[in-house]
Amino acid sequence: MARIIVISDPHLSPTHGFFWDNWCRACEMVNRLAPDAVIVTGDLCINGPDSDAEVAFARQALGRLKPPVHALPGNHDVGDEPPGQAADQIVDADRLRRWQSVFGSDRFAFDADGWRVLGINAQLLGSGLPQEDEQDAWLDGELGAAARPVLLALHKPLFLQSADEREVTARSINPEPRARLLRRLQGAPVRAVISGHLHCHRDVVRDGLRHVWAPSTAFLVQEPVDATADNVLGILSVEVGNDGVRVELVDVPGLVPHDLAELKGHGRYKYLRDMPVCPPA
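Each residue of the sequence shown is one higher than the one before, starting from 49 at the first, in this note's numbering.
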């Protein structure tokens, strides 16, 4: 079987280095495990939508990983799809160009022991941008050609509890783009969807499709969106092959479980980017 390590939501910054030590420890663990590939499911940055330096810093930080790395953007990298968490950081063409000028692409496809592994930009889903149509066409082509099982990765989960949720939320893909994506997946051999964004770990099957939430390496939220989710830091080990897919939560010794509310002074600062400068040590 091929092993893929999934890292999510490291939230790196050259000016706000709260989570840098956690990142370094996670990279050391990944390099010891020596997987065939690494996927980073978004939010590499804290203020990527408005900072060239931050996106460049995140790209440089990936150099600590020895295996091949496939990175996807999150809302803290290219902005959010509407309505988003912050009205002043909605995804747009300039923010996408910033990411692509540094990372080369916001999606990927590669083979792993008889599986096709696909990654898409979740922030385009429901954005209404021309790049959303381009990604849809690319995904249709990949899924239409897929005779092998498929693993799909993206930043945001498709939903929280069920595919028929009607709430418009920044926590998951919203109802209309979710329905369009699910229609695309239904006719294809997609076996599992792996996402980040929620800073907790959960592994469930809904309507025959496995949905796995990857934990963050950076910080915890006070209350996970699902009481059954594991409120932990860590990384995922994903093995794919003839026997199917195996997913394991991997503890990374020494990760500091930063509490987001405490870090922001329990309301003193709305966003991490608003806090006083604190470069990585």
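Note that the Cβ used here is the ideal one computed from N, Cα and C, for glycine as well.
Residues of the same chain with a CB within less than 8 Å of the CB of Gly65, apart from the 5 flanking positions on each side, are Cys326, Pro327, Pro328, Ala329 in chain order. About 19 Å separates the CB atoms of Leu303 and Lys312; that is not less than 8 Å, and the two are not in contact.
Along the segment 158–184, the alpha helix (DSSP H) does not occur as any fully enclosed run of 4 or more residues. Contact holds between the segment 200–210 and the segment 235–251, because three or more Cβ pairs, one in each stretch, are under 8 Å apart. Under the three-state reduction of DSSP, His124 is assigned to helix. Looking at the DSSP output, Phe267 sits in a beta bridge with His306.
Taken atom to atom, the span from the alpha-carbon of Trp261 to that of Asp98 is near 27 Å. Burial of Ala266 is indicated by the presence of at least 16 other C-beta atoms within 10 angstroms of its C-beta.
The DSSP-derived three-state label of Leu199 is strand. Here DSSP, grouped into helix, strand and coil, assigns Asp274 to coil. Distance from the CA of Val280 to the CA of Phe67, rounded to the nearest whole angstrom, comes to 15 Å. Relative to Ala101, the option among Ala141, Ser149, Lys318, Leu246 whose CA is nearest is Ser149. Selection Trp163, His314, Cys248, Ala218 evaluated against Ala275 yields Cys248 as nearest (Cα-Cα). Proximity of the segment 120–139 to the segment 73–85 falls short of the contact definition, fewer than three beta-carbon pairs being nearer than 8 Å.
Of Leu257, Gly90, Ala227, Ala277, the smallest CA-CA separation from Lys204 is found for Gly90. Ranked by Cα distance from His306, the options Arg316, Arg294, Gln270, Asn290 are led by Gln270.
Positions of the alpha helix (DSSP H) runs, each at least 4 residues long and wholly inside the segment 204–273, are given as 223–234 in order along the chain.
Around the CB of Pro272, 16 or more other CB atoms lie within 10 Å, so the residue is classed as buried. Out of Asn290, Asn79, Met323, the CA that lies nearest to the CA of Arg196 is found in Asn290. In the DSSP assignment, Ser285 falls within the unbroken beta strand (DSSP E) covering 283–289.
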